[in-house]
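According to mature numbering (1 follows the signal peptide of the UniProt record, and there is no 0), the residues represented by the sequence shown are -18 to -1, 1 to 150, in order.
From the three backbone atoms N, C-alpha and C, an ideal C-beta is built for every residue, glycine too.
On a predicted model such as this, the values are computed, not experimentally measured, just so you know.
Here the structure is laid out as structure tokens; the discussion comes afterwards.
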Amino acid sequence: MKILLSAAVAALSLTTLAGCSGGDDDGATAEDPASAPPATTESSDPTDEPTVGTYPELDAESYTYILEQICFCPLTNPVEVTVEDGEVTSAVIARGGQGLKKGSEAPEYLWITINDVIAQANDTDAADVEVDWPEGQEWPSRVAVDKVEMATDDEITYIVRNVRINEG
């Protein structure tokens, strides 16, 4: 039995070595990327979509929107945020529940502008950032940020909806 097993191992080893011998190839190997000519892809139309670090700010200075912040935070209810001249002037609970009264003032950490949300989308130091930004819209609808890789409970998702820009 040992002789038969030894013969099988030897035959398998020889087959493997013969397969790696390269006896019928032309001897060419992969080129070092430094010696290969650089690839050029020129385009007259910019087609790159924004990525983390390149999302544009919202130009509007006065607007109202609904913000939902999903995280391991004390408050997860939607908040109606009012921004005037680029500053948050009010943030109130939009829907009651969980001991919160509709219309009551939201905690200070939720007094953020859409540009504050966009700043989170542009956080190049975060471990992971995912952004949903509908085509033709001037703001993201969802920004999910994982600040620290492999940390627990540090992820924050911002939902932006019902944006109403104030004209004038």
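- Reducing DSSP to helix, strand and coil, say where T(-4) ends up. In the sequence shown, residue -4 corresponds to position 15, counting from 1. Residue confidence for T(-4) is low, a pLDDT of 43 falling below 50, so the modelled location carries little weight and cannot support an answer.
- Of all the options E69, S86, Q119, Y37, which has the alpha carbon lying nearest to the alpha carbon of V145? Here residue 145 refers to the residue found at position 163 of the sequence shown. Checking every option, the nearest Cα to that of V145 belongs to Q119.
- Item | Straight-line gap, K83 to V65 (C-alpha atoms, nearest Å) | Walking along the sequence shown from the start, residue 83 turns up at place 101. Walking along the sequence shown from the start, residue 65 turns up at place 83. Spanning the two alpha carbons is a distance of roughly 22 Å.
- Message: Between the segment 109 to 119 and the segment 83 to 97, can you find at least three pairs of beta-carbon atoms closer than 8 Å?
- Response: no
- Helix, strand or coil: which one does DSSP assign to A88? In the sequence shown, residue 88 corresponds to position 106, counting from 1. Residue state, collapsed to three classes: coil.
- Please state whether DSSP places V130 in a helix, a strand or coil. As a working mapping, residue 130 is identified with position 148 in the sequence shown. Three-state result, V130: coil.
- Item | A73, enclosing beta strand (DSSP E) - first and last residue | In the sequence shown, residue 73 corresponds to position 91, counting from 1. Run containing A73: 69 to 75, per the beta strand (DSSP E) assignment.
- Where do the N-terminal and C-terminal ends of the beta strand (DSSP E) with D110 fall, by residue? Numbered from its first residue, the sequence shown carries residue 110 at position 128. 110 to 114 is the extent of the beta strand (DSSP E) around D110.
- Item | Three-way DSSP call (helix, strand, coil) for Q119 in this model | Here residue 119 refers to the residue found at position 137 when the sequence shown is read from its first residue. Q119 falls in the coil class under three-state DSSP.
- Task: Identify the continuous beta strand (DSSP E) that holds N148 and give its terminal residues.
- Result: Indexing the sequence shown from 1 puts residue 148 at position 166. Where N148 is concerned, there is no enclosing beta strand (DSSP E), given that its DSSP letter is neither H nor E.
- Message: According to DSSP, simplified to helix, strand and coil, what is D98?
- Response: In the sequence shown, counting from the first residue as 1, residue 98 sits at position 116. If DSSP states are grouped into helix, strand and coil, D98 belongs with the helices.
- Message: Going by DSSP, what residue range makes up the beta strand (DSSP E) through Q51?
- Response: As a first step, residue 51 is located in the sequence shown; it is residue number 69 there, counting from the start. Its beta strand (DSSP E) spans residues 45 to 52.
- May I have the straight-line CA-CA distance separating E50 from N59, to the nearest angstrom? Sequence index remark: in the sequence shown, residue 50 carries index 68 (1-based). Sequence index remark: in the sequence shown, residue 59 carries index 77 (1-based). Using only the alpha carbons, I get a separation of about 6 Å.
- Message: Out of K129, E69, A76, P116, which one is the CA nearest neighbour of Y37?
- Response: Indexing the sequence shown from 1 puts residue 37 at position 55. Taking only the C-alpha atoms, the option nearest Y37 is P116.
- Item | Backbone CA spacing between M132 and E43 [nearest angstrom] | In the sequence shown, residue 132 corresponds to position 150, counting from 1. In the sequence shown, residue 43 corresponds to position 61, counting from 1. Straight-line Cα distance between these residues: approximately 37 Å.
- Message: Taking the beta carbon of I52 as the centre, do at least 16 other beta carbons fall within 10 Å, making it buried, or is it exposed?
- Response: Taking the first residue of the sequence shown as position 1, residue 52 is located at position 70. Exposed: under 16 other Cβ atoms inside 10 Å.
- Query: Between E39 and C55, what straight-line distance do the alpha-carbon atoms span, to the nearest angstrom?
  - Reply: The count along the sequence shown starts at 1 and reaches residue 39 at position 57. The count along the sequence shown starts at 1 and reaches residue 55 at position 73. Using only the alpha carbons, I get a separation of about 26 Å.
- Note down the Cα distance separating residue 205 from V70, rounded to an integer number of angstroms. With the chain covering -18 to 150 only, the question about residue 205 has no answer from this structure.
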